[in-house]
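In this note's numbering, the protein residues as written are 592 to 754. For reference, the structure discussed in these notes is given below.
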Ligand code: FES
């Protein structure tokens, strides 16, 4: 004779199956949430640890660049360019001297700008001032001069290279 399950027994078994399914779902949900949290927490750490290395490698890969037609830059003016991933200034001073300087402030790393009318390089973050003839820090909090690049004026432009 075949045994038949009582309705109460069937309900208990269904309840157990639903309970296992809910428990499994809850575990998957908790696992997924944990994974998301780990990625969200880990990504900034990854960026902090590896980005400077990648940037340094990218910057050191660039040894020299040609700024086409930059030799036509008028006296008393400047132009921004990128040396690798870094912003930089090429300045043609009033006394007809040229200089190429890194545009990253030596205080806390803001980008500096050349102010033609005031004949200075200025950092708006904390009021740092640099001499546009030498890149020397002359006022405000910057602790050292801007890094200077070597330049060579040619008929096709200005060649900028690491000093
Ligand atoms: S970052 Fe330039 S003066 Fe502070």
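Here a beta-carbon is modelled for each residue, glycine too, at the ideal position from N, C-alpha and C.
Per DSSP, residue 704 is one residue of the beta strand (DSSP E) stretching across 704-706. If the five residues before and after residue 737 are omitted, its C-beta is found closer than 6 Å to the C-beta atoms of 692, 693, 721, 726, all from its own chain and listed in chain order. For residue 692, the uninterrupted beta strand (DSSP E) run begins and ends at 689-693, by DSSP. One Cα belongs to residue 753, the other to residue 728, and the distance between them is close to 20 Å. In the three-state reduction of the DSSP assignment, residue 715 falls in the coil class.
If you draw a 10 Å sphere on the C-beta of residue 681, you find 16 or more other C-beta atoms in it, and that means buried. Counted as a single uninterrupted DSSP element, the beta strand (DSSP E) harbouring residue 683 occupies residues 677-683.
Note on residue 619: under 16 other CB atoms within 10 angstroms of its CB, so exposed under the neighbour-count rule. Taking a 10 Å sphere around the C-beta of residue 624, we find fewer than 16 other C-beta atoms and assign the residue as exposed.
Put simply, the backbone Cα of residue 708 is about 25 Å away from that of residue 734. Of all alpha-carbon atoms in 685, 716, 674, 653, the one lying nearest the alpha-carbon of residue 701 is that of 716.
Counting the other Cβ atoms within 10 Å of the Cβ of residue 615 gives fewer than 16, which makes it exposed. The Cβ atoms of residue 748 and residue 732 lie no closer than 8 Å to each other.
The Cβ atoms of residue 687 and residue 723 do not sit closer than 8 Å to each other. In terms of CA proximity to residue 659, 672 leads the group 672, 706, 696. A straight-line Cα-Cα distance of about 31 Å links residue 744 and residue 645.
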